[in-house]
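Participant:
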Amino acid sequence: MVKYLNFCFLQLNVLLFAVFLFFSSASFGQVETNLNLDSCLNWAKQNYPLIKQKGYLQDFSENNIDNINSKWLPQVNVVATASHQTEATVFALGSESLAFPKDNYSYGLHVTQTLFDFGLTSELKKVERAGTQSEVLKNEIELYKLNDKVLQLYGGLLVSKENIKILESYLDDLKNRQAGMASSVNNGAMLQSNLDVLDVELLRTSQKLIEANTNFKVLCQTLGLLLNKQIDEKASFAEISTAQLSFTPVTRPELQYFESQQSLLDERAKLLNRKSMPYVMLFGEGAYGTTGYDMLKTDLHWYGIFGARLTWNINSIHSNHYEKSNLKINKSMVDEQKELFQLSMNTTMVQVDGEISKLKDMIQMDSTIVNKRISVSKTSASQLENGAITSADYLSYLNAEKQAVLSQHIHEIQLGIAIKNKEITSGIKF
Numbered sequence: 201m202v203k204y205l206n207f208c209f210l211q212l213n214v215l216l217f218a219v220f221l222f223f224s225s226a227s228f229g230q231v232e233t234n235l236n237l238d239s240c241l242n243w244a245k246q247n248y249p250l251i252k253q254k255g256y257l258q259d260f261s262e263n264n265i266d267n268i269n270s271k272w273l274p275q276v277n278v279v280a281t282a283s284h285q286t287e288a289t290v291f292a293l294g295s296e297s298l299a300f301p302k303d304n305y306s307y308g309l310h311v312t313q314t315l316f317d318f319g320l321t322s323e324l325k326k327v328e329r330a331g332t333q334s335e336v337l338k339n340e341i342e343l344y345k346l347n348d349k350v351l352q353l354y355g356g357l358l359v360s361k362e363n364i365k366i367l368e369s370y371l372d373d374l375k376n377r378q379a380g381m382a383s384s385v386n387n388g389a390m391l392q393s394n395l396d397v398l399d400v401e402l403l404r405t406s407q408k409l410i411e412a413n414t415n416f417k418v419l420c421q422t423l424g425l426l427l428n429k430q431i432d433e434k435a436s437f438a439e440i441s442t443a444q445l446s447f448t449p450v451t452r453p454e455l456q457y458f459e460s461q462q463s464l465l466d467e468r469a470k471l472l473n474r475k476s477m478p479y480v481m482l483f484g485e486g487a488y489g490t491t492g493y494d495m496l497k498t499d500l501h502w503y504g505i506f507g508a509r510l511t512w513n514i515n516s517i518h519s520n521h522y523e524k525s526n527l528k529i530n531k532s533m534v535d536e537q538k539e540l541f542q543l544s545m546n547t548t549m550v551q552v553d554g555e556i557s558k559l560k561d562m563i564q565m566d567s568t569i570v571n572k573r574i575s576v577s578k579t580s581a582s583q584l585e586n587g588a589i590t591s592a593d594y595l596s597y598l599n600a601e602k603q604a605v606l607s608q609h610i611h612e613i614q615l616g617i618a619i620k621n622k623e624i625t626s627g628i629k630f
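If you count by my numbering, then the sequence shown holds residues 201 to 630, one letter each, in order.
#1: Starting from the C-beta of Y172, find all residues in its chain whose C-beta is less than 7 Å away, skip the five residues before and the five after it, and write them out in chain order.
#2: Okay, do the region 431–443 and the region 613–622 touch, 3+ Cβ pairs below 8 Å being the bar?
#3: What number of angstroms, rounded off, separates the C-alpha of D303 from the C-alpha of A282?
#4: Could you tell me which of N264, L235, S516 and D553 sits nearest to G355, measuring between CA atoms?
#5: Run through DSSP, which three-state label would K361 get?
#6: Between the Cα of V570 and the Cα atoms of Q603, S580 and Q583, which residue gives the shortest distance?
#7: Taking only the alpha-carbon atoms, compute the straight-line gap between G554 and T625 and give it to the nearest angstrom.
#8: Could you name the residues of the same chain whose beta carbon sits closer than 8 Å to that of A469, not counting the 5 residues immediately before and after it, in chain order?
#9: Can you give, in chain order, each stretch of the alpha helix (DSSP H) that sits fully within the region 469–498 and has at least 4 residues?
#10: Pull up the CB-CB distance for V552 and N621, whole angstroms please, since I reckon it's below 8 Å.
#11: Ends of the alpha helix (DSSP H) at A292?
#12: Reducing DSSP to helix, strand and coil, say where R377 ends up.
#13: Answer with buried or exposed for I619, where buried requires no fewer than 16 other C-beta atoms within 10 angstroms of its C-beta.
#14: Report the option in Q608, S436 and F458 whose CA atom is closest to the CA atom of Q564.
#15: Is T451 closer than 7 Å to Y479 when the C-beta atoms are compared?
#16: Taking the continuous alpha helix (DSSP H) assigned at R573, which residues delimit it?
#17: Excluding five sequence neighbours on each side, which residues of the same chain lie with their C-beta closer than 6 Å to the C-beta of Q456?
#18: Buried or exposed: which applies to K361, given that a residue is buried once 16 or more other Cβ atoms fall within 10 Å of its Cβ?
#19: Could you check the C-alpha separation between L581 and L395 for me, to the nearest Å?
#20: Pairing CB atoms from the region 339–347 with CB atoms from the region 233–251, are three or more of them under 8 Å?
#21: What three-state label does DSSP hand V450 in the structure shown?
#22: Applying the criterion that 16 or more other CB atoms from any shown protein chain within 10 Å of the CB defines a buried residue, is R377 buried or exposed?
#23: Which whole-angstrom value is the C-beta distance of S406 and L358, which I expect to be below 8 Å?
#24: Any idea what DSSP makes of N277, helix, strand or coil?
#25: Ordered along the chain, which non-local residues of its own chain (more than five positions away) have a Cβ less than 6 Å from that of F541?
#26: Taking C-alpha atoms, which residue in H284, L464, F506 and H310 lies nearest to R329?
#27: Cα-Cα, which of K417, L351 and Y256 is closest to I364?
#28: Pull up the CB-CB distance for S591 and L367, whole angstroms please, since I reckon it's below 8 Å.
#29: Expressed to the nearest angstrom, what Euclidean distance is found between the alpha-carbon atoms of S225 and K349?
#30: Just reading off the alpha helix (DSSP H) that A618 is part of, what are its end residues?
#31: With which residues is T312 paired in a DSSP beta bridge?
#32: In chain order, what residues of the same chain have a beta carbon less than 6 Å from the beta carbon of D317, not counting five sequence neighbours either side?
#33: Exposed or buried, L496, counting other C-beta atoms within 10 Å across all chains shown (16 or more means buried)?
#34: What's the C-alpha gap between E601 and R573?
#35: Would you call G492 buried or exposed, if buried means 16 or more other Cβ atoms sit within 10 Å of its Cβ?
#36: Using a threshold of 6 Å, is the CB atom of S369 nearer than that to any non-hydrogen atom of the ligand GTP?
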């Protein structure tokens, strides 16, 4: 009975542990086992907190536009006054006199309705939309910078994975060579010092492998945070394509932002012109009180007035001249910022093209170097077995072979990164 209870308790613990693992994995996002760069770029953009800002900016703009439209609604003000004056006019009419009250009361409404504003409201809405578009593009610039982060992380993962493969291959070669040398040492055909050198190299390589695996794990976790996904350390990472696209003129979000800034400044200049124009409105006022438009009527009564009003601030024509001058200066500054960015982008493109050309030339030589290193390594292995060279000599040849293989793979990865970097710099959408 005790054994049965212990078995049930063990089963319950296993079940609870499985449930814990399920919810833990769910809370950190979906586990990914197959990844490629383009998918990572899209996932990172979808998960980045700034992606929500666009919706907020648009909602904010719509609220402002609704507020601007509300200016066409009748503007109603409740007006209530009560006053007391120390003296009032008195008319003497023979034996009688007419005295105006010293206390006056009035309660009523004042209503205005705009009839024509020479396009002021329409221009206010255009300025609001242009300003919002500029803010949205500024947000897009920050999102676009994310592409560089993801590219560097993904490229780092590929390099780290290749480094692990080479270290594991090197470790296997060392173990195989160690097993062969151990019998030679036991037979007296080889000195123990040769085997000791090999043992030390095996331990040093094991340390490097631990370090490489740790770095790879950290890179997986870092990229996983950007993607909001769990990345399996045994996941397959697709190579970055080295096929170059036929580049066509594309627009970076920064260039679109500069254009939006110019449009915004143009709309603000138009708005200044609208503000210099007159506007026409209807007005009306109704009240109940003692102080009306008939000065001889001093009892509480209803009274009112209505009419039309034209308002034109002539001084605004002069003051707007200075604001327009400042807008022209701002446009010149935006033009210079645009030119500076284009210069920086062109400089980067020249550097990237040079990097691509260099890597292609190096990759063409890598195969020859690797083949020769493998041949030298095989020869040195035979020389070690015959006692012609020491273990240290053999290790230098074997290490050179592995470094050549690693360099070849790294150059191929770097070429893919450089080509993708060119696409990002040019502004290609993913």
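Beta carbons are placed, not taken as given, at the ideal position from N, Cα and C, and that holds for glycine.
Facilitator: Working from what's here:
#1: Lying before the first or after the last residue shown, residue 172 is absent from the chain, which here runs from 201 to 630.
#2: Yes, since at least three Cβ pairs between the region 431–443 and the region 613–622 fall closer than 8 Å, the two stretches touch.
#3: What you label residue 303 is simply residue 103 of the sequence shown in a count that begins at 1. What you label residue 282 is simply residue 82 of the sequence shown in a count that begins at 1. Cα to Cα, D303 sits roughly 7 Å from A282.
#4: The residue labelled residue 355 in the question sits at position 155 within the sequence shown. Comparing Cα positions, the closest option is L235.
#5: Taking the first residue of the sequence shown as position 1, residue 361 is located at position 161. Helix, per DSSP.
#6: One-based indexing of the sequence shown puts residue 570 at position 370. It is Q603.
#7: Locating residue 554 in the sequence shown gives position 354, counting from the first residue. Locating residue 625 in the sequence shown gives position 425, counting from the first residue. Computed Cα separation, rounded: 14 Å.
#8: Position 269 of the sequence shown, counted from the start, is the residue given in the question as residue 469. Beyond the five residues adjoining it in sequence on each side, A469 comes within less than 8 Å, by CB distance, of K524 and L527 in the same chain, given in chain order.
#9: If we require 4 residues or more, the region 469–498 turns out to have no alpha helix (DSSP H) run fully inside it.
#10: Mapped onto the sequence shown, residue 552 falls at position 352. Mapped onto the sequence shown, residue 621 falls at position 421. Yes, V552 and N621 are in contact; Cβ-Cβ is about 6 Å, under 8 Å.
#11: Within the sequence shown, the letter at position 92 stands for residue 292. Segment V290 to L293 is the beta strand (DSSP E) holding A292; no alpha helix (DSSP H) there.
#12: One-based indexing of the sequence shown puts residue 377 at position 177. In the structure shown, the three-state DSSP call for R377 is helix.
#13: Mapped onto the sequence shown, residue 619 falls at position 419. Counting Cβ neighbours within 10 Å, I619 comes out buried, since at least 16 surround it.
#14: Within the sequence shown, the letter at position 364 stands for residue 564. It is Q608.
#15: The residue you call residue 479 lines up with position 279 of the sequence shown. The residue you call residue 451 lines up with position 251 of the sequence shown. With respect to the 7 Å criterion, Y479 and T451 are not classified as neighbours on the basis of their beta carbons.
#16: In the sequence shown, the residue the question calls residue 573 occupies position 373. For R573, the enclosing alpha helix (DSSP H) covers residues N515 to E585.
#17: The sequence position of residue 456 within the sequence shown is 256, counting from 1. Leaving aside the five residues that flank Q456 on each side, the residues in its chain whose CB is nearer than 6 Å to its CB run, in chain order, L337.
#18: As a first step, residue 361 is located in the sequence shown; it is residue number 161 there, counting from the start. So K361 ends up on the buried side.
#19: The residue you call residue 581 lines up with position 381 of the sequence shown. The residue you call residue 395 lines up with position 195 of the sequence shown. One detail in the question is off: residue 581 reads as Ala in this sequence, not Leu. About 14 Å.
#20: Segments in contact, yes.
#21: For this step, residue 450 is matched to residue 250 along the sequence shown. In the structure shown, V450 sits in coil (DSSP, three-state: anything other than H, G, I, E or B).
#22: Here residue 377 refers to the residue found at position 177 of the sequence shown. Here R377 is buried. Its C-beta has 16 or more other C-beta atoms within 10 Å.
#23: Position 206 of the sequence shown, counting from 1, holds the residue named residue 406. Position 158 of the sequence shown, counting from 1, holds the residue named residue 358. With a Cβ gap of about 23 Å, S406 and L358 do not count as contacting.
#24: Counted from its first residue, the sequence shown places residue 277 at position 77. Looking at N277 - three-state DSSP - the assignment turns out to be strand.
#25: Walking along the sequence shown from the start, residue 541 turns up at place 341. Excluding five sequence positions before and after F541, the CB atoms of its chain that fall closer than 6 Å to its own CB belong to E454, given in chain order.
#26: Along the sequence shown, read from residue 1 onward, the residue named residue 329 stands at position 129. If we check each option's Cα against that of R329, L464 comes out closest.
#27: Position 164 of the sequence shown, counted from the first residue, corresponds to residue 364. The residue from K417, L351 and Y256 with its alpha-carbon nearest to that of I364 is K417.
#28: Stepping through the sequence shown from its first residue, residue 591 is reached at position 391. Stepping through the sequence shown from its first residue, residue 367 is reached at position 167. About 19 Å separates the CB atoms of S591 and L367; that is not less than 8 Å, and the two are not in contact.
#29: Against the sequence shown, residue 225 aligns to sequence position 25. Against the sequence shown, residue 349 aligns to sequence position 149. The predicted model places S225 with a pLDDT of 42, which falls under 50 and marks its position as unreliable; any figure quoted below should be read in that light. Going by the C-alpha atoms only, they are around 25 Å apart.
#30: The residue labelled residue 618 in the question sits at position 418 within the sequence shown. Where A618 is concerned, the enclosing alpha helix (DSSP H) stretches over S591 to S626.
#31: What you label residue 312 is simply residue 112 of the sequence shown in a count that begins at 1. Beta-bridge pairing links T312 to Q275 and F483.
#32: By 1-based counting over the sequence shown, the position of residue 317 is 117. Same-chain partners within the cutoff: Y479.
#33: Your numbering for residue 496 matches position 296 in the sequence shown. Its Cβ having fewer than 16 others within 10 Å, L496 is exposed.
#34: Stepping through the sequence shown from its first residue, residue 601 is reached at position 401. Stepping through the sequence shown from its first residue, residue 573 is reached at position 373. Rounded to the nearest whole angstrom, the C-alpha separation of E601 and R573 is 5 Å.
#35: As a working mapping, residue 492 is identified with position 292 in the sequence shown. G492 comes out buried.
#36: Among the components of this structure there are no ligands whatsoever, and the ligand GTP is therefore not found.
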